[in-house]
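Enquirer: Position 161 of the sequence shown, counted from 1, bears residue number 299 in the numbering used here, the numbering being contiguous throughout. Sharing a structure below in structure tokens format, with a few things to ask.
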Amino acid sequence: MNMEFYKAGVCAAVLTLASTSLYAEESGPSRPFFGQMVLQGVTFQVETPNDSSINTVTVRAMVDGKTFAEEQAEADGTITSIEVEDLDANGYPEVYVYVTSVGSGSYGSLIAYASNRNRSITPISLPPLEDDPAAAKGYMGHDRFAVGEGALMRNFPIYKEGDTNAAPTGGTRQVQYHLQAGEAGWQLKPYNVFDF
139 MNMEFYKAGV
149 CAAVLTLAST
159 SLYAEESGPS
169 RPFFGQMVLQ
179 GVTFQVETPN
189 DSSINTVTVR
199 AMVDGKTFAE
209 EQAEADGTIT
219 SIEVEDLDAN
229 GYPEVYVYVT
239 SVGSGSYGSL
249 IAYASNRNRS
259 ITPISLPPLE
269 DDPAAAKGYM
279 GHDRFAVGEG
289 ALMRNFPIYK
299 EGDTNAAPTG
309 GTRQVQYHLQ
319 AGEAGWQLKP
329 YNVFDF
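Take a look at the structure:
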């Protein structure tokens with residue numbers, strides 16, 4: 139047996155296993171999604187069949203391999219990716235699950251949970267974009283979410299009157315949200331909107 143080939147084969151197998159079992163993956167319709175990410179000692183696992191326009195999503199939170207919370211939510215679309223962050227810097231992380239609806243609009247939505255001192259998880263609400271008419275002007279879907287620098291960022295193309303769904307001409311808008319404690323749970327509050 140050629141030892142160099144054998145070593146290369148083992149290396150490739152290890153890398154493949156690591157990339158498929160330890161990290162969240164991009165996935166499309168009719169492809170099951172499983173994502174796992176760790177922050178501040180908390181492991182979040184997210185899984186869904188991703189096999190229809192409405193999908194059941196299971197979110198699990200663990201510390202030291204032991205599950206301390208598991209919740210289910212309904213996604214209006216398919217799960218595309220997940221991220222974990224501690225947006226309010228309280229020492230306990232949150233998981234952000236990004237959802238894209240089926241159809242040409244590819245409207246984005248969010249399923250998110252915050253750890254409550256690693257004893258339970260509470261849903262995080264995102265207000266409808268339509269609550270701010272200025273921010274929603276020209277919106278026709280194609281959202282992209284990301285977390286960073288203490289904020290959740292929502293980007294989407296701006297459509298001008300007469301634009302087709304495939305050809306927006308108004309640039310891009312970004313809405314930035316802070317995470318805040320609300321009366322009935324956690325809420326993402328918009329604090330900055332700008333176009334570029």
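For every residue, glycine included, the Cβ atom is placed at its ideal position computed from N, Cα and C.
Tell me the rounded alpha-carbon separation between V184 and L264.
Expert: In the sequence shown, the residue the question calls residue 184 occupies position 46. In the sequence shown, the residue the question calls residue 264 occupies position 126. One C-alpha to the other measures close to 19 Å.
Enquirer: Span of the alpha helix (DSSP H) holding P271?
Expert: The residue you call residue 271 lines up with position 133 of the sequence shown. Its alpha helix (DSSP H) spans residues P271 to A274.
Enquirer: Taking only three categories from DSSP, how would you classify E268?
Expert: By one-based count along the sequence shown, residue 268 stands at place 130. Helix.
Enquirer: How many angstroms separate the CA atom of V176 from the CA atom of Y245?
Expert: Numbered from its first residue, the sequence shown carries residue 176 at position 38. Numbered from its first residue, the sequence shown carries residue 245 at position 107. Cα to Cα, the separation comes out at about 28 Å.
Enquirer: Taking only three categories from DSSP, how would you classify P127?
Expert: This structure does not reach residue 127, given that the chain is present from 139 up to 334, and the question cannot be answered.
Enquirer: According to DSSP, is A305 part of a helix, a strand, or is it coil?
Expert: Position 167 of the sequence shown holds residue 305. In this structure, A305 counts as coil in the three-state DSSP scheme.
Enquirer: Assuming the contact rule is C-beta atoms closer than 8 Å, L317 and E232 should be a hit. Round their C-beta distance to whole Å, please.
Expert: Numbered from 1 along the sequence shown, position 179 holds the residue referred to as residue 317. Numbered from 1 along the sequence shown, position 94 holds the residue referred to as residue 232. Right, the Cβ-Cβ distance comes to about 7 Å (below 8 Å), so this counts as a contact.
Enquirer: For the segment 273 to 291 against the segment 310 to 326, are there 3 or more C-beta pairs whose distance is under 8 Å?
Expert: The segment 273 to 291 vs the segment 310 to 326: in contact.
Enquirer: Around the Cβ of T307, are there at least 16 other Cβ atoms within 10 angstroms (buried) or fewer (exposed)?
Expert: As a working mapping, residue 307 is identified with position 169 in the sequence shown. So T307 counts as exposed.
Enquirer: When you compare only the Cα positions, how much space is there between N330 and P187?
Expert: In the sequence shown, the residue the question calls residue 330 occupies position 192. In the sequence shown, the residue the question calls residue 187 occupies position 49. Their backbone Cα atoms lie some 35 Å apart in a straight line.
Enquirer: How big is the Cα-Cα spacing for A227 and G300?
Expert: Indexing the sequence shown from 1 puts residue 227 at position 89. Indexing the sequence shown from 1 puts residue 300 at position 162. Looking at the two C-alpha atoms, the distance is approximately 43 Å.
Enquirer: Which same chain residues end up closer than 6 Å to G320 when comparing Cβ atoms and leaving out the 5 residues on each side of it in sequence?
Expert: Within the sequence shown, residue 320 is the residue found at index 182, counting from 1. Excluding residues within five positions, none has a Cβ falling inside 6 Å.
Enquirer: Here's a check: name, in chain order, each residue in its chain whose Cβ is nearer than 6 Å to the Cβ of R169, leaving out the five neighbours to either side.
Expert: Taking the first residue of the sequence shown as 1, we reach residue 169 at position 31. Closer than 6 Å at the Cβ level, and outside the excluded window around R169, lie N188.
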